[in-house]
Amino acid sequence: MKKDLREEHPADMVKSHTKEKGYKEPKMLEGRMIDLSVLERSQLPILHEWFNDVDFVGEFEPFDQDSLAGLEKWFDGITGSQNYFIQKKDGTPIGTISYFKSKDCTGIGYMLVPEERGKGYGSEAVQMIVDYLFLHKDIVRIQAETHPDNLGSQRVLEKVGFTREGIIRRSFFSRGVYRDTAMWSILRDEWKEPKILPIGYRKP
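Spelled out as structure tokens, the structure:
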């Protein structure tokens with residue numbers, strides 16, 4: 100009988116889905132409270148559970164349910180982006196963060212499980228990905244979009260140094276209504292230097 104993945108704790112799911120022959124633990128970006136671990140195909144069942152949970156997705160994002168096969172197809176077709184698990188120091192995954200090409204800029208997106216929001220994990224994850232991108236990618240701008248009423252997400256961006264640029268009106272459909280999006284960005288000269296990931300950094 101096939102085991103119901105929903106009965107497993109997230110940390111146990113990571114272990115059970117990374118025991119494939121030849122598997123090597125993905126390299127991590129190490130922070131103070133959390134680490135960012137590159138998402139592996141074998142870990143997609145965790146995302147499948149999260150993305151089909153209306154409480155995880157929340158009220159400010161489209162609720163686009165998908166099958167595990169659909170997520171695998173998406174993963175196999177990824178180009179120009181990278182996806183990470185946000186995980187505690189004991190290896191427990193508590194969310195995701197990614198960067199991706201957005202026209203001529205680099206965009207980021209992030210989500211945490213509801214019970215771990217408001218604890219500083221999101222701010223640290225965003226700061227780490229900003230440090231990583233400006234340290235290792237030849238880019239001048241990082242941007243993020245959030246709903247104008249999503250105060251928690253906006254506090255995260257403000258803490259990391261993002262500037263709110265304006266409102267994109269009626270930019271997506273969710274929960275029966277068309278919703279606005281707030282555009283935020285940080286430029287390389289506003290970032291100045293890494294706050295958490297100083298690896299390989301040298302002042303000019």
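Heads up, this note's numbering is the position in the sequence shown plus 99, with the first residue counted as 1.
Think of the CB as a built atom: it goes at the ideal place given N, C-alpha and C, for glycine as much as any other residue.
Note that this is a predicted model, so its numbers are computed, not measured.
Among the options, the one whose alpha carbon lies nearest that of residue i
{"i": "Glu215", "options": "Leu146, Leu143 and Phe155", "result": "Phe155"}
{"i": "Ala243", "options": "Gly208, Asn182 and Glu160", "result": "Gly208"}
{"i": "Trp149", "options": "Gln164, Tyr277, Glu158 and Ile267", "result": "Gln164"}
{"i": "Asp134", "options": "Ser141, Leu167 and Glu223", "result": "Glu223"}
{"i": "Arg131", "options": "Met227, Ser141 and Arg268", "result": "Met227"}
{"i": "Arg263", "options": "Asp175, His246, Phe174 and Gly179", "result": "His246"}
{"i": "Ser197", "options": "Pro213, Phe162, Met282 and Gly221", "result": "Gly221"}
{"i": "Asn249", "options": "Lys236, Asp279 and Ile185", "result": "Asp279"}
Range covered by the beta strand (DSSP E) that runs through residue i
{"i": "Asp134", "result": "Ile133 to Val137"}
Beta bridge counterpart(s) of residue i as assigned by DSSP
{"i": "Met210", "result": "Thr195"}
{"i": "Leu128", "result": "Leu135"}
{"i": "Lys200", "result": "Thr205"}
Three-way DSSP call (helix, strand, coil) for residue i in this model
{"i": "Arg140", "result": "helix"}
{"i": "Asp237", "result": "coil"}
Run of the alpha helix (DSSP H) containing residue i, from where it starts to where it stops
{"i": "Gly219", "result": "That residue, Gly219, is in no alpha helix (DSSP H); it is neither H nor E in DSSP."}
What alpha helix (DSSP H) runs, 4 residues minimum, are completely inside the segment 239-300?
250-259 and 287-290
Please give me, in chain order, every unbroken run of the beta strand (DSSP E) with length at least 3 that falls completely inside the segment 142-197.
180-187
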